[in-house]
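Novice:
Number of protein chains: 4
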Amino acid sequence: MIRVTVWNEFKHEQTHEQVRNVYPDGIHRVIADGLIEQEPAFAVRTATLPEPEHGLTEDVLNETDVLIWWGHMAHDDVNDDIVNRVHERVLNGMGLIVLHSGHYSKIFKKLMGTGCGLKWREAHEKERIWTVDPSHPIAQGVPEYFELKPEEMYGEHFDIPAPDELIFVSWFEGGEVFRSGCTFRRGQGKIFYFRPGHETYPTYYHPIIRRVIANGVKWAAPSGAGVPFRGNHQPLEPIG
Amino acid sequence: MIRVTVWNEFKHEQTHEQVRNVYPDGIHRVIADGLIEQEPAFAVRTATLPEPEHGLTEDVLNETDVLIWWGHMAHDDVNDDIVNRVHERVLNGMGLIVLHSGHYSKIFKKLMGTGCGLKWREAHEKERIWTVDPSHPIAQGVPEYFELKPEEMYGEHFDIPAPDELIFVSWFEGGEVFRSGCTFRRGQGKIFYFRPGHETYPTYYHPIIRRVIANGVKWAAPSGAGVPFRGNHQPLEPIG
Amino acid sequence: MIRVTVWNEFKHEQTHEQVRNVYPDGIHRVIADGLIEQEPAFAVRTATLPEPEHGLTEDVLNETDVLIWWGHMAHDDVNDDIVNRVHERVLNGMGLIVLHSGHYSKIFKKLMGTGCGLKWREAHEKERIWTVDPSHPIAQGVPEYFELKPEEMYGEHFDIPAPDELIFVSWFEGGEVFRSGCTFRRGQGKIFYFRPGHETYPTYYHPIIRRVIANGVKWAAPSGAGVPFRGNHQPLEPIG
Amino acid sequence: MIRVTVWNEFKHEQTHEQVRNVYPDGIHRVIADGLIEQEPAFAVRTATLPEPEHGLTEDVLNETDVLIWWGHMAHDDVNDDIVNRVHERVLNGMGLIVLHSGHYSKIFKKLMGTGCGLKWREAHEKERIWTVDPSHPIAQGVPEYFELKPEEMYGEHFDIPAPDELIFVSWFEGGEVFRSGCTFRRGQGKIFYFRPGHETYPTYYHPIIRRVIANGVKWAAPSGAGVPFRGNHQPLEPIG
Chain V
1 MIRVTVWNEF KHEQTHEQVR NVYPDGIHRV IADGLIEQEP AFAVRTATLP
51 EPEHGLTEDV LNETDVLIWW GHMAHDDVND DIVNRVHERV LNGMGLIVLH
101 SGHYSKIFKK LMGTGCGLKW REAHEKERIW TVDPSHPIAQ GVPEYFELKP
151 EEMYGEHFDI PAPDELIFVS WFEGGEVFRS GCTFRRGQGK IFYFRPGHET
201 YPTYYHPIIR RVIANGVKWA APSGAGVPFR GNHQPLEPIG
Chain W
1 MIRVTVWNEF KHEQTHEQVR NVYPDGIHRV IADGLIEQEP AFAVRTATLP
51 EPEHGLTEDV LNETDVLIWW GHMAHDDVND DIVNRVHERV LNGMGLIVLH
101 SGHYSKIFKK LMGTGCGLKW REAHEKERIW TVDPSHPIAQ GVPEYFELKP
151 EEMYGEHFDI PAPDELIFVS WFEGGEVFRS GCTFRRGQGK IFYFRPGHET
201 YPTYYHPIIR RVIANGVKWA APSGAGVPFR GNHQPLEPIG
Chain Z
1 MIRVTVWNEF KHEQTHEQVR NVYPDGIHRV IADGLIEQEP AFAVRTATLP
51 EPEHGLTEDV LNETDVLIWW GHMAHDDVND DIVNRVHERV LNGMGLIVLH
101 SGHYSKIFKK LMGTGCGLKW REAHEKERIW TVDPSHPIAQ GVPEYFELKP
151 EEMYGEHFDI PAPDELIFVS WFEGGEVFRS GCTFRRGQGK IFYFRPGHET
201 YPTYYHPIIR RVIANGVKWA APSGAGVPFR GNHQPLEPIG
Chain Y
1 MIRVTVWNEF KHEQTHEQVR NVYPDGIHRV IADGLIEQEP AFAVRTATLP
51 EPEHGLTEDV LNETDVLIWW GHMAHDDVND DIVNRVHERV LNGMGLIVLH
101 SGHYSKIFKK LMGTGCGLKW REAHEKERIW TVDPSHPIAQ GVPEYFELKP
151 EEMYGEHFDI PAPDELIFVS WFEGGEVFRS GCTFRRGQGK IFYFRPGHET
201 YPTYYHPIIR RVIANGVKWA APSGAGVPFR GNHQPLEPIG
């Protein structure tokens with residue numbers, strides 16, 4: 001059983017009626033529903049910025065196999081201690097799925113080491129997402145391409161390290177491309193960045209989007225060695 | 001249920017008493033036993049060079065999710081048509097695990113596009129295998145390092161494309177290193193090369209070796225999209 | 001001084017008036033002119049399919065640092081011995097730049113190990129090429145994006161191994177994306193695949209296209225170690 | 001002309017006689033001498049921790065194409081503002097070469113996003129460095145392998161992201177292996193980590209070590225596009 005925590009800053013839903021209309025109980029609730037719909041065996045909980053410790057206590061993180069992150073307007077309000085705690089957990093094996101505007105979150109920038117900037121435009125345009133690594137488990141059950149209309153545009157250059165694996169590339173009506181599905185490994189943790197999900201659109205109700213996120217959870221769940229690999233330390237004696 | 005076919009050229013066992021002593025029913029039999037021991041749910045069969053079509057008929061390959069390949073002295077005796085058939089199956093999604101001296105097999109060279117040469121020495125020396133990608137599913141349950149003594153030495157430069165993922169690196173008593181656990185994706189197929197397994201040593205009885213190969217099977221089993229991605233063909237009309 | 005050989009099958013120019021109008025002396029001639037324009041110090045020669053040994057004799061290849069390949073309708077007419085000779089030279093350090101429809105050439109497929117298929121459409125549409133790896137030497141002097149209109153469309157899934165480096169991604173008016181600038185290392189040789197260049201369009205007169213190909217030549221020129229690394233062989237004695 | 005700044009914390013040389021005996025004017029001075037010996041056209045300067053702003057003022061960094069970093073016992077004494085300034089410069093295209101114990105520097109950890117831990121042992125043992133990517137420009141003129149005796153041991157698991165390119169792998173007498181030559185791209189900057197160089201050994205006088213560092217400088221020098229790629233900003237209007 002994979003234990004998932006869906007984190008959302010949960011601000012747009014309070015302040016923008018347009019967002020509340022699409023996600024009345026919050027984006028996190030719809031993402032969580034999608035996971036349960038796709039994989040009933042997942043144990044899913046949610047956490048949000050306004051909760052104590054942003055809902056990401058030591059206990060919660062210790063019981064989380066994969067953390068999903070949605071943030072946008074309140075990146076700066078996330079406490080650095082919590083960011084460091086999440087960072088440490090990822091290096092020790094917790095999976096992390098960063099969605100959409102989470103590209104600019106503290107935790108993603110800290111794990112990438114780069115600026116993580118990109119281009120964007122809100123013009124209600126069509127996005128066509130192409131699968132470029134069809135053998136990847138995250139692409140399981142995903143067609144050659146699928147469309148979202150409308151979505152926000154994100155364009156290159158996306159200032160990330162070269163991803164370990166590039167799974168999806170987006171085409172936008174207005175003339176841009178974007179590396180929309182990227183994996184990274186950091187420490188013992190696996191990270192999946194997935195682009196779609198502007199807060200004013202019903203993207204997280206889309207069955208293929210739900211499929212991709214559920215696939216991402218299964219891929220990112222810890223599968224590594226049982227022994228600790230971390231730290232700077234003196235080793236065994238030389239071989240005799 | 002994952003369907004595995006273990007292929008062995010099955011020649012050393014006929015002609016070298018030393019090999020027959022270690023693998024009386026053939027290397028393939030011991031590899032197959034190890035898979036069943038590790039994962040009773042695997043459906044495992046074997047195939048060998050002397051069989052008609054080397055045991056790799058269209059039917060067998062169509063019912064194979066992952067093919068394991070052990071060959072050494074008879075690479076040239078493998079029929080090119082069978083090599084092409086296996087190649088085609090890999091590009092269409094069948095997993096392939098190439099063991100030890102299989103680095104010089106026709107199928108591995110055809111998939112890599114390089115010479116696949118390396119250094120070697122039979123000196124009954126110690127091999128220490130280090131895990132350098134502890135988060136990889138193939139490293140699941142594998143310690144930081146483990147030892148084989150004796151083993152044949154394989155040394156760099158190993159003339160392969162840069163692997164998509166480097167999981168294990170070997171240290172040899174005599175002074176060499178080797179990229180011993182490497183993954184590659186070709187078409188919709190996943191390939192895992194794993195170094196150990198000289199025919200005169202009981203390597204395939206070793207529990208960690210068995211664990212790694214079983215992990216490799218699970219990793220390499222097809223997980224891709226359900227739609228065909230192959231071929232050179234015209235697409236849909238332009239978007240209206 | 002880098003020695004470049006530009007190879008062209010040189011067939012369309014003989015048989016299609018439309019192509020002859022754009023490239024009256026052959027595509028190879030215009031590519032060669034572009035190289036000299038960009039880098040007067042390059043030593044550039046050409047070779048074509050109808051010449052003896054397709055112009056790729058042992059002597060010519062031994063004096064070639066980087067080979068540029070354009071082929072389309074006559075891939076099957078290239079002699080396998082010449083393909084093997086070029087392959088061997090690449091593994092020994094010669095650079096190779098494969099242009100446009102060369103994706104389906106024998107030499108590219110042999111080096112990649114995959115089917116190398118893709119989607120295509122001739123609809124006189126606009127191509128916008130985005131730079132996704134701005135720090136790469138092949139992107140030197142190349143803007144964030146540039147446009148070709150018209151060009152032929154090439155679309156994903158492009159059946160290649162994951163490139164070592166992804167430098168350019170194309171956007172097409174009709175709704176597709178394509179990994180248009182990819183590098184691969186094989187043996188001691190460097191390979192650059194660059195998408196644009198349909199035979200009926202004046203693509204190889206375009207200053208940025210010329211810049212990219214010249215950058216590619218500089219990147220692909222041999223720079224490796226002076227000692228031989230090839231072959232399967234017994235090594236030194238163990239360390240005393 | 002490539003402008004290089006060699007940075008050294010310059011502490012061991014003040015406090016440890018053994019280090020002062022090997023590097024009487026500081027490690028930075030010997031690294032700088034090696035660069036000038038190998039490439040007289042380099043413009044080389046040095047900077048050290050005790051200088052104002054650690055010698056890394058805005059002016060110095062703006063006039064630096066490649067920064068070389070050696071630090072060990074005083075990582076924590078490096079001011080965070082200077083670390084951020086160097087980070088920003090790397091993302092904007094300055095090359096960075098991190099040597100030996102610099103793996104634990106603030107700047108390297110910030111760029112990697114991981115813990116950067118490793119194993120180590122001071123046992124005066126032999127290190128044998130193998131070239132695993134002979135076609136890489138950093139391996140130019142470097143033999144198949146070369147030896148340092150004695151050196152400090154560094155062992156896996158080295159907690160870094162999978163390097164973009166793996167060029168050298170070390171073998172140690174006591175039984176460990178290490179990914180000793182690794183490249184990374186971050187933003188528009190190129191980073192090369194190179195393992196050897198314990199302060200009590202004359203490693204930076206070794207001609208092959210000097211060759212590798214000089215090659216690294218040439219490789220890491222900015223070569224990207226002339227236009228700015230950074231930041232999070234809105235793009236052009238959609239294509240008409």
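Residue numbers (UniProt numbering), protein chains in the order written: chain V, 1 to 240; chain W, 1 to 240; chain Z, 1 to 240; chain Y, 1 to 240. Using N, Cα and C, we set each Cβ at its ideal position, and we do this for glycine too.
1. Could you name the residues that DSSP lists as bridge partners for GLU151(W)?
2. Within this structure, are the beta carbons of VAL66(W) and ILE107(W) separated by less than 8 Å?
3. Out of GLY141(Y), HIS16(Y), ILE208(Y), ARG85(Y), which has the shortest C-alpha to C-alpha gap to GLU58(Y)?
4. Any beta carbon from chain V within less than 8 Å of GLY226(Y)'s own beta carbon?
5. For THR15(Y), count neighbouring Cβ atoms within 10 angstroms of its own Cβ and tell me buried if that reaches 16, exposed if not.
6. What does LEU91(Z) touch in chain W if you count any residue whose Cβ is under 8 Å from its own?
7. CA-CA distance, ILE36(V) and VAL44(V)?
8. DSSP three-state call for SER101(Z): helix, strand or coil?
9. Which first and last residues belong to the alpha helix (DSSP H) in which ARG185(V) is found?
10. From the DSSP output, which residues share a beta bridge with TYR193(Y)?
11. Can you tell me where the alpha helix (DSSP H) with VAL22(Z) in it begins and where it stops?
12. Which residues does DSSP pair with TYR145(Y) in a beta bridge?
13. Where does GLN18(Z) land, buried or exposed, given buried means 16+ other C-beta within 10 angstroms?
14. Going by DSSP, name the residue or residues bridged to GLU165(V).
15. Give the DSSP bridge partners of SER170(V), in chain order.
16. Counting only runs that start and end within the region 28-108 of chain V, where is the alpha helix (DSSP H) found for 4 or more residues in a row?
17. Determine the chain Z residues that contact THR131(V) at a beta-carbon separation under 7 Å, and present them in chain order.
18. Would you say PRO134(V) lies against chain W (beta-carbon separation less than 8 Å)?
19. Taking the alpha helix (DSSP H) that ASN8(Y) belongs to, which residues open and close that run?
20. So, using beta-carbon positions, are TYR205(Z) and VAL30(Z) closer together than 8 Å?
21. Identify the continuous alpha helix (DSSP H) that holds ALA214(V) and give its terminal residues.
22. Is the beta carbon of ILE167(V) closer than 8 Å to that of ILE213(V)?
23. Beta-carbon separation of GLY95(Y) and MET112(V) under 8 Å?
24. Thinking PRO134(Y) and HIS157(W) are a contact (beta carbons under 8 Å), I'd like their distance in whole angstroms, please.
25. What residues from the region 177-208 of chain V come within 8 Å of chain Y, judged by C-beta to C-beta, listed N to C?
26. At the level of alpha carbons, what is the spacing between residue 272(Y) and GLY115(W)?
27. Against chain Y, does VAL169(W) count as a neighbour if the rule is that its beta carbon must be under 8 Å from one of theirs?
28. Using a Cβ-Cβ cut-off of 7 Å (strictly less than) and excluding sequence neighbours within five positions of PHE10(W), which residues of its own chain qualify?
29. Mind checking who HIS157(V) pairs with in its DSSP beta bridge?
30. Counting C-beta neighbours from all protein chains within 10 Å, is the total for VAL227(W) 16 or more, i.e. buried, or is it exposed?
31. Let's test the definition: count the other Cβ atoms within 10 Å of the Cβ of GLY231(V) and tell me whether it reaches 16, buried, or not, exposed.
32. Using only CA atoms, which one of ILE209(Z), GLU199(Z), TYR104(Z) lies nearest to VAL142(Z)?
33. Taking GLU173(Z) and HIS136(Z) to be in contact with their CB atoms under 8 Å, please state how far apart those CB atoms are, rounded to whole angstroms.
34. PRO137(Z) touches chain Y at which residues, Cβ-Cβ below 7 Å?
35. Consult DSSP for HIS12(Z) and reduce its assignment to one of helix, strand or coil.
36. Taking 6 Å as the limit between beta carbons, can you name the residues of its chain near VAL78(V), skipping five residues before and five after?
Specialist: Quick look at the numbers:
1. Looking at the DSSP assignment, GLU151(W) forms a beta bridge with GLU125(W).
2. Inclusion of VAL66(W) and ILE107(W) in the CB contact set at 8 Å is not warranted, their separation being larger than that value.
3. Of the candidates GLY141(Y), HIS16(Y), ILE208(Y), ARG85(Y), the residue whose Cα lies closest to the Cα of GLU58(Y) is ARG85(Y).
4. At GLY226(Y) the pLDDT is 49, less than 50, meaning the model places this residue with poor confidence; the figure from the coordinates comes in the next sentence. Taking a beta-carbon distance threshold of 8 Å, GLY226(Y) does not count as an interface residue toward chain V.
5. Per the 10 Å Cβ criterion, exposed.
6. In chain order: THR114, GLY115, ASP159.
7. It is roughly 7 Å from the alpha-carbon of ILE36(V) to the alpha-carbon of VAL44(V).
8. SER101(Z): helix per DSSP, three-state reduction.
9. No alpha helix (DSSP H) contains ARG185(V), which is instead part of the beta strand (DSSP E) from 177-186.
10. Beta-bridge pairing links TYR193(Y) to VAL98(Y), CYS182(Y).
11. Here the alpha helix (DSSP H) through VAL22(Z) covers 17-22.
12. Looking at the DSSP assignment, TYR145(Y) forms a beta bridge with TRP130(Y).
13. In the assembly as shown, GLN18(Z) is an exposed residue. Its beta-carbon has fewer than 16 other beta-carbons within 10 Å.
14. Paired residue(s): THR183(V).
15. In the DSSP output, where bridge partners are listed per residue, SER170(V) has ILE129(V), PHE178(V).
16. If you keep only unbroken alpha helix (DSSP H) runs of at least 4 residues inside the region 28-108 of chain V, you get 58-62, 80-91.
17. At a beta-carbon threshold of 7 Å, the residues of chain Z lying near THR131(V) are HIS157, ordered along the chain.
18. It does: the Cβ of PRO134(V) has a partner Cβ on chain W nearer than 8 Å.
19. Looking at the DSSP string, ASN8(Y) is not in any alpha helix (DSSP H); the run it does join, the beta strand (DSSP E), is 3-8.
20. Their beta carbons are under 8 Å apart, which means TYR205(Z) touches VAL30(Z) by this criterion.
21. Segment 207-220, the alpha helix (DSSP H) holding ALA214(V).
22. Not closer than 8 Å, so no.
23. Not a contact, by the Cβ cut-off of 8 Å.
24. That belief holds up - the Cβ atoms of PRO134(Y) and HIS157(W) are roughly 6 Å apart, short of 8 Å.
25. Listed in sequence order: PHE184, ARG185, ARG186, GLY187.
26. Chain Y is shown from 1 up to 240; residue 272(Y) falls before or after that span and cannot be answered.
27. When Cβ-Cβ separations below 8 Å define contact, VAL169(W) makes contact with chain Y.
28. Taking PHE10(W) as the centre and dropping the five residues before and after it, the same chain places the C-beta of GLY26, HIS28, THR48, LEU49, PRO50 closer than 7 Å to its C-beta, in chain order.
29. According to DSSP, HIS157(V) bridges with nothing at all.
30. The predicted position of VAL227(W) is uncertain, since its pLDDT is 48 and thus under 50; no value can be drawn from it.
31. Counting every other CB atom within 10 Å of its CB across the protein chains shown gives GLY231(V) a total below 16, marking it as exposed.
32. Of the candidates ILE209(Z), GLU199(Z), TYR104(Z), the one whose C-alpha sits nearest the C-alpha of VAL142(Z) is ILE209(Z).
33. Not quite, the Cβ-Cβ distance comes to about 26 Å (not below 8 Å), so this is no contact.
34. Going along chain Y in sequence order, the residues near PRO137(Z) (Cβ under 7 Å) are SER223.
35. Helix, per DSSP.
36. Excluding residues within five positions, the ones whose Cβ falls inside 6 Å are LYS106.
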